[in-house]
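In the working numbering, the protein residues as written are -16 to 85.
See below for the structure under consideration.
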């Protein structure tokens, strides 16, 4: 797993993030969810690349007993087969993600 923290002054916009992901050959899609929503633990047969556009979420990694908190502008890359869940922050979250084939 790889986390890239946003270090710029102003957080990137949905269109900037989407454009960047398309330049990487990805097909991104946006989603958002209500505050405190929980996604059950699961894994995928592909690597997941995700940016937080607004809000906050926490990725849970039960097999290593880790949690990674992501804020606006942060990017996470979760390799195929890694079990993970997510907890949306108290103000909700808007994200952009894409599948990266092996």
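Don't be surprised by glycine CBs; every beta carbon is placed ideally from N, CA and C.
| query | result |
| --- | --- |
| Simplified DSSP assignment, three categories, for residue -1 | helix |
| Proximity of residue 68 and residue 13 at Cβ, strictly below 7 Å | no |
| Minimum C-alpha distance to residue 21 - residue among 36, 71, 39 | 71 |
| Residue from 64, 73, 77, 74 with nearest C-alpha to residue 88 | Outside the displayed range of the chain (-16 to 85) lies residue 88, so it cannot be described from this structure. |
| Paired residues, beta bridge with residue 7 - DSSP | The partner list for residue 7 (beta bridge, DSSP) is empty, contrary to what the question assumes. |
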